[in-house]
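K.L.:
Here it is, the structure in full.
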Amino acid sequence: MTLDPTYPLFPIFAFVGCILCLIPLPWHLQAWNSGTCFFMAWTALACLNQFVNSVVWSGNAINHAPIWCEISIRILMGASVGIPASSMCIVRRLYAIARSQKVAITRAEKRRAVIMDSLICVLLPIVYVALQVVVQGHRFDIFEDIGCYPIIYNTLLSYFISFAPPLAIGLVSAVYSLSLYEFNRRRLQFNAFLNSGTSLTSGRYLRLMALATTEMMLTTPLSIFIIYLNATVSPIEPWISWADTHYDYWRVGQYPRVLWQLNHLLVVSMELTRWLAPFSAIVFFIFFGFAEEAKRHYKAFFAPVTKMFRRFFPASPILPSLSSKKALPSPAATERSFQPLKSAATTATILPLHSATETVVSTESFNKTLYGFEHDPNYVIDIKAPAPAYNLQDTLSPTSTERTLHSDITFSTNHTSRRFTM
8 MTLDPTYPLF
18 PIFAFVGCIL
28 CLIPLPWHLQ
38 AWNSGTCFFM
48 AWTALACLNQ
58 FVNSVVWSGN
68 AINHAPIWCE
78 ISIRILMGAS
88 VGIPASSMCI
98 VRRLYAIARS
108 QKVAITRAEK
118 RRAVIMDSLI
128 CVLLPIVYVA
138 LQVVVQGHRF
148 DIFEDIGCYP
158 IIYNTLLSYF
168 ISFAPPLAIG
178 LVSAVYSLSL
188 YEFNRRRLQF
198 NAFLNSGTSL
208 TSGRYLRLMA
218 LATTEMMLTT
228 PLSIFIIYLN
238 ATVSPIEPWI
248 SWADTHYDYW
258 RVGQYPRVLW
268 QLNHLLVVSM
278 ELTRWLAPFS
288 AIVFFIFFGF
298 AEEAKRHYKA
308 FFAPVTKMFR
318 RFFPASPILP
328 SLSSKKALPS
338 PAATERSFQP
348 LKSAATTATI
358 LPLHSATETV
368 VSTESFNKTL
378 YGFEHDPNYV
388 IDIKAPAPAY
398 NLQDTLSPTS
408 TERTLHSDIT
418 FSTNHTSRRF
428 TM
């Protein structure tokens with residue numbers, strides 16, 4: 008039984024965020040938006056990590072999967088730098104576009120931009136994770152309802168290795184955000200760049216800038232708060248040696264919720280840290296999941312699916328119903344349908360031809376033509392009197408008179424008998 012008030016809301020948000028932020032990935036890869044792709048990858052990885060931890064350690068703090076915890080804490084460390092670094096690459100590219108003197112960007116320039124973004128978004132987090140071993144006090148801790156969590160020894164060196172890099176990346180992103188001013192100042196030249204055949208539109212430019220600004224406004228204050236929390240809540244220990252910092256390194260701390268929730272600042276820090284990834288994923292999808300380009304890709308994706316369903320489930324024709332009054336013709340309409348056709352040039356009357364011999368009418372063919380009685384197999388057709396014989400010459404004769412054809416037809420069932428006169 009878990010005491011977490013956000014369960015199962017948080018696992019649902021984390022899993023949905025992991026899916027949502029990957030939906031726009033194909034067309035951003037097509038547009039060579041490497042910074043945006045790295046942002047989606049790091050956010051999805053962080054959401055998946057938080058989802059697994061919140062489900063496995065819901066209501067317990069047992070060390071179920073030590074190998075997973077080793078992987079999980081490194082994903083958490085890498086995402087703490089990878090997400091703001093990806094945001095910095097986004098705003099850095101937008102700033103370069105706004106300041107560009109050329110209308111078009113060559114393929115070689117795009118390749119160099121992708122390589123630079125890869126170094127910032129992949130190599131920098133790897134180096135950051137590797138350096139955490141220097142200040143990592145012991146293996147990891149497990150908090151009930153939170154999961155695996157890295158533990159950093161609170162020394163002065165930790166502020167330079169662990170706490171300062173996310174804040175520094177956020178401040179650099181703030182400097183690059185000046186591209187908004189550059190964008191407004193050089194709007195005409197920027198429109199010429201957009202009309203040069205590039206996949207970047209003004210709407211996508213502004214959405215990318217809004218995403219980077221939103222992420223910067225989230226991570227930078229959070230980094231400042233974490234630095235303040237570590238500097239005020241617990242004393243800063245002096246760095247003595249590697250052996251002193253890593254004494255009893257392989258131990259695993261396990262804390263039930265009733266204990267760690269007593270520290271209010273610790274609760275706020277953990278909740279803000281773990282909710283950052285799902286919130287970033289949802290914000291990203293709001294910016295890019297409802298754009299016109301996204302709608303076009305949705306239609307292209309679901310077109311084969313709808314075509315397959317139409318092939319296996321074709322639309323059936325609507326049959327008339329006996330219970331519907333609109334399905335049966337009215338007597339007046341029936342009478343009008345048998346009115347003779349008169350030509351304006353002559354007085355000849357054209358009547359429908361009937362055979363004078365006795366006609367054998369099948370129940371199936373006749374029922375399909377009269378009032379839709381094919382649904383009742385109990386009706387039996389009995390033709391009492393066939394129509395009289397005549398020929399076409401008499402009919403077309405100017406002196407011929409209109410002849411009325413009568414055929415008494417009786418419909419009988421096991422219960423009732425109905426007679427219609429035509």
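Each step along the sequence shown adds one to the number in the working numbering, with nothing skipped, and position 325 is 332. Backbone N, C-alpha and C fix where the C-beta goes; we use that ideal spot for every residue, glycine too.
1) Would you kindly check if the distance between the Cβ of V88 and the Cβ of I176 is under 8 Å?
2) Which one or two residues does DSSP pair with Y262 in a beta bridge?
3) Over what stretch of residues does the alpha helix (DSSP H) that includes H35 continue unbroken?
4) For the region 238-248 and the region 9-29, state whether three or more C-beta atom pairs, one from each stretch, are separated by less than 8 Å.
5) What is the DSSP secondary structure of T221, counted as helix, strand or coil?
6) Can you tell which of S276, G296, Y254 and S180 has its C-alpha closest to the C-alpha of W34?
7) Y254: which of T313, L266 and Y160 sits nearest, CA to CA?
8) Would you tell me roughly how many angstroms separate the C-alpha atoms of S125 and C155, rounded to the nearest one?
9) Helix or strand or just coil, what does DSSP make of C25?
10) Are there three or more Cβ pairs, one per stretch, closer than 8 Å when the region 139-149 is compared with the region 222-230?
11) Quick one: is Y135 buried, meaning 16 or more other Cβ sit within 10 Å of its Cβ, or exposed?
12) Mind reading off the beta-carbon distance from C68 to F150? Whole number of angstroms is fine, and I expect it under 8 Å.
13) Tell me which same chain residues have a C-beta within less than 6 Å of the C-beta of S61, skipping the five on either side of it?
14) If I measure Cβ to Cβ from L27 and keep anything under 8 Å in the same chain, skipping five residues before and after, which residues do I get?
15) Can you tell me the Cα-Cα spacing of P73 and A86, whole angstroms?
16) Mapping DSSP to helix, strand and coil, what is Q268?
17) Per DSSP, what kind of secondary structure is Y14 in: helix, strand or coil?
18) So which of V259, P285 and A284 has the shortest CA-CA distance to G144?
19) Whose C-alpha, out of I168, L213 and N70, is nearest the C-alpha of I104?
20) For E244, which residues does DSSP report across the bridge?
21) Taking only three categories from DSSP, how would you classify Y156?
22) Assuming T50 and I90 are in contact, meaning their beta carbons sit under 8 Å apart, how far apart are those beta carbons, in whole angstroms?
23) How many angstroms separate the CA atom of S165 from the CA atom of I127?
24) Along the alpha helix (DSSP H) that carries Y183, what are the first and last residues, could you check?
25) Less than 8 Å between the C-beta atoms of D148 and I158, yes or no?
26) Between F167 and L174, what straight-line distance do the alpha-carbon atoms span, to the nearest angstrom?
27) Let me make sure I understand the geometry here. Which of W64, S94 and L163 has the alpha-carbon closest to that of T252?
28) How far does the alpha helix (DSSP H) with Y254 in it reach, from first residue to last?
29) Note down the Cα distance separating Y235 from M277, rounded to an integer number of angstroms.
30) Please report the residue range of the alpha helix (DSSP H) in which T43 lies.
31) Could you spell out where the alpha helix (DSSP H) holding A92 opens and where it closes?
32) In whole angstroms, give me the CA-to-CA distance for A238 and I231.
P.N.:
According to the structure shown:
1) Here residue 176 refers to the residue found at position 169 when the sequence shown is read from its first residue. Here residue 88 refers to the residue found at position 81 when the sequence shown is read from its first residue. Yes, the pair counts as a contact, with Cβ atoms nearer than the cut-off.
2) Locating residue 262 in the sequence shown gives position 255, counting from the first residue. DSSP output for Y262 lists F150 as bridge partner(s).
3) Here residue 35 corresponds to residue number 28 of the sequence shown, with the count starting at 1. According to the DSSP assignment, H35 belongs to the alpha helix (DSSP H) that extends over L32 to Q37.
4) no
5) Translated into positions along the sequence shown, residue 221 becomes position 214. Looking at T221 - three-state DSSP - the assignment turns out to be helix.
6) Residue mapping note: residue 34 aligns to position 27 of the sequence shown, counting from 1. Checked all of S276, G296, Y254 and S180; the closest Cα to W34 is G296.
7) The residue given as residue 254 occupies position 247 in the sequence shown. Among T313, L266 and Y160, the Cα nearest to that of Y254 belongs to Y160.
8) Start at 1 with the first residue of the sequence shown, and residue 125 comes out as number 118. Start at 1 with the first residue of the sequence shown, and residue 155 comes out as number 148. The straight-line gap separating the alpha-carbon atoms of S125 and C155 is approximately 28 Å.
9) Reading the sequence shown from its first residue, position 18 is the one you call residue 25. Three-state result, C25: helix.
10) no
11) For the purposes of this step, residue 135 is identified with residue 128 of the sequence shown, where counting begins at 1. Y135 should be labelled buried.
12) Against the sequence shown, residue 68 aligns to sequence position 61. Against the sequence shown, residue 150 aligns to sequence position 143. A small correction: the amino acid at residue 68 is Ala; Cys does not occupy that position in the sequence shown. Right, their Cβ atoms sit about 7 Å apart.
13) If you number the sequence shown from 1, residue 61 lands on position 54. If the five residues before and after S61 are omitted, its C-beta is found closer than 6 Å to the C-beta atoms of F17 and P18, all from its own chain and listed in chain order.
14) Looking up residue 27 in the sequence shown gives position 20. Closer than 8 Å at Cβ, skipping near neighbours: A288, I289, F291, F292 and G296.
15) Locating residue 73 in the sequence shown gives position 66, counting from the first residue. Locating residue 86 in the sequence shown gives position 79, counting from the first residue. Approximately 20 Å, taken between the alpha carbons.
16) Here residue 268 refers to the residue found at position 261 when the sequence shown is read from its first residue. Q268: coil per DSSP, three-state reduction.
17) The residue you call residue 14 lines up with position 7 of the sequence shown. Here Y14 sits in coil by DSSP.
18) Position 137 of the sequence shown, counting from 1, holds the residue named residue 144. Considering only alpha carbons, the answer is V259.
19) By 1-based counting over the sequence shown, the position of residue 104 is 97. Out of I168, L213 and N70, L213 has the C-alpha closest to the C-alpha of I104.
20) Numbered from 1 along the sequence shown, position 237 holds the residue referred to as residue 244. Per DSSP, T162.
21) Within the sequence shown, residue 156 is the residue found at index 149, counting from 1. Strand.
22) Taking the sequence shown and counting its residues from 1, one reaches residue 50 at position 43. Taking the sequence shown and counting its residues from 1, one reaches residue 90 at position 83. The pair is a contact, with the Cβ atoms about 6 Å apart (cut-off 8 Å).
23) Taking the sequence shown and counting its residues from 1, the one referred to as residue 165 is at position 158. Taking the sequence shown and counting its residues from 1, the one referred to as residue 127 is at position 120. Taking the straight line joining both Cα atoms gives about 21 Å.
24) The residue labelled residue 183 in the question sits at position 176 within the sequence shown. First-last of the alpha helix (DSSP H) with Y183: A171 to Y183.
25) If you number the sequence shown from 1, residue 148 lands on position 141. If you number the sequence shown from 1, residue 158 lands on position 151. For D148 and I158, yes; Cβs fall inside 8 Å.
26) Within the sequence shown, residue 167 is the residue found at index 160, counting from 1. Within the sequence shown, residue 174 is the residue found at index 167, counting from 1. If you take the alpha carbons of F167 and L174, they lie about 10 Å apart.
27) As a working mapping, residue 252 is identified with position 245 in the sequence shown. Cα-wise, what sits closest to T252 is L163.
28) If you number the sequence shown from 1, residue 254 lands on position 247. No alpha helix (DSSP H) holds Y254; DSSP gives it neither H nor E.
29) Translated into the one-based positions of the sequence shown, residue 235 becomes position 228. Translated into the one-based positions of the sequence shown, residue 277 becomes position 270. Those two C-alpha atoms are separated by around 14 Å.
30) Taking the sequence shown and counting its residues from 1, the one referred to as residue 43 is at position 36. Residues S41 to V63.
31) Along the sequence shown, one-based indexing puts residue 92 at 85. From DSSP, the alpha helix (DSSP H) with A92 extends over P73 to R106.
32) Taking the first residue of the sequence shown as 1, we reach residue 238 at position 231. Taking the first residue of the sequence shown as 1, we reach residue 231 at position 224. Each residue's alpha carbon lies about 11 Å from the other.
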